[in-house]
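S.K.: Below is a structure I'd like to ask you about.
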Amino acid sequence: HLRNDRPLDTLIGVRFMDPADSYVQTDRAIKYGLLFVGLTFAAFFLFEILKRLSIHPFQYGLTGAALVLFYLLLLALSEHLAFALSYAIATLGCVALLTYYLAHILGSPRWGLAFGALIGAVFGLLYVLISLEDHALLAGSISLFGGLALAMVITRKVDWYQLGETLGGRYARTAEVKPAPAGPAGA
Numbered sequence: 234h235l236r237n238d239r240p241l242d243t244l245i246g247v248r249f250m251d252p253a254d255s256y257v258q259t260d261r262a263i264k265y266g267l268l269f270v271g272l273t274f275a276a277f278f279l280f281e282i283l284k285r286l287s288i289h290p291f292q293y294g295l296t297g298a299a300l301v302l303f304y305l306l307l308l309a310l311s312e313h314l315a316f317a318l319s320y321a322i323a324t325l326g327c328v329a330l331l332t333y334y335l336a337h338i339l340g341s342p343r344w345g346l347a348f349g350a351l352i353g354a355v356f357g358l359l360y361v362l363i364s365l366e367d368h369a370l371l372a373g374s375i376s377l378f379g380g381l382a383l384a385m386v387i388t389r390k391v392d393w394y395q396l397g398e399t400l401g402g403r404y405a406r407t408a409e410v411k412p413a414p415a416g417p418a419g420a
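Structural data, given as structure tokens:
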């Protein structure tokens, strides 16, 4: 029922959403966030296994904090700058911080740079995925498949049973409880 006193244009409306809006792109980046933090931790764990290092959970936590702050930086910067520039600044800051930190944790500037390059590639992949509209799922799935294949090739010679015993012994030693010193006699 259309009434004569009300024009048709007030009954029907269309609102177009800009898929390139910085908030929409930041939202898409955050949705991938947990996956990329998990992938980074998996790569961190592989470095720990392959280099036979003992990386403390606190160091994992600091690495995770740097990754999470990337998204906060991205959101804050994209409110004032173009999204691509904001993404580049947040990525460079996060990658530089992690490269410096991990070079010391991994005991080698070369390994730190390698891990930094890996993190940079992950952030580059994330940018491509959030820029794609029609093929993001396809590109992401192929990338995950490639990452899994790479992890399988790299770890194909790892003896996981021996590794479990080694790690179990290492962590059992750090968790030993020392007996309390004996108090004075008669106490």
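Position one of the sequence shown corresponds to residue 234 (my numbering), numbered consecutively onward.
All C-beta atoms in this analysis are idealised placements derived from N, C-alpha and C, irrespective of residue type, glycine included.
Does the separation of the CB atoms of V270 and L306 fall below 8 angstroms?
M.R.: For the purposes of this step, residue 270 is taken as residue 37 along the sequence shown, with counting starting at 1. For the purposes of this step, residue 306 is taken as residue 73 along the sequence shown, with counting starting at 1. Their beta carbons are not under 8 angstroms apart, which means V270 does not touch L306 by this criterion.
S.K.: What is the C-beta distance between L331 and I322, in whole angstroms, given that I count them as a contact (C-beta under 8 angstroms)?
M.R.: Within the sequence shown, the letter at position 98 stands for residue 331. Within the sequence shown, the letter at position 89 stands for residue 322. No, L331 and I322 are not in contact; Cβ-Cβ is about 15 angstroms, not under 8 angstroms.
S.K.: Taking buried to mean at least 16 other C-beta atoms within 10 Å of its own C-beta, is Q395 buried or exposed?
M.R.: Locating residue 395 in the sequence shown gives position 162, counting from the first residue. Label assigned to Q395: exposed.
S.K.: Can you have a look at T379 and say buried or exposed, based on whether 16 or more other CB atoms are within 10 angstroms of its CB?
M.R.: On the sequence shown, position 146 is the one that residue 379 refers to. Checking the displayed sequence, the identity of residue 379 turns out to be Gly instead of Thr. Classification of G379: exposed, given that the 10 Å Cβ count is below 16.
S.K.: Which residue comes first and which comes last in the alpha helix (DSSP H) that contains K264?
M.R.: Mapped onto the sequence shown, residue 264 falls at position 31. First-last of the alpha helix (DSSP H) with K264: S255 to L283.
S.K.: Pick out the complete beta strand (DSSP E) segments inside the segment 279-335, 3 residues or longer, and give them in chain order.
M.R.: Entirely contained in the segment 279-335, not one beta strand (DSSP E) run reaches 3 residues.
S.K.: I'd like the list of long-range same chain contacts for Q292, defined as Cβ closer than 7 angstroms, with 5 residues on each side in sequence excluded.
M.R.: Translated into positions along the sequence shown, residue 292 becomes position 59. The residues are I338.
S.K.: Within 10 Å of its beta-carbon, does S374 have 16 or more other beta-carbons around it, so buried, or fewer, so exposed?
M.R.: One-based indexing of the sequence shown puts residue 374 at position 141. Exposed, because fewer than 16 other Cβ atoms sit within 10 Å of the Cβ of S374.
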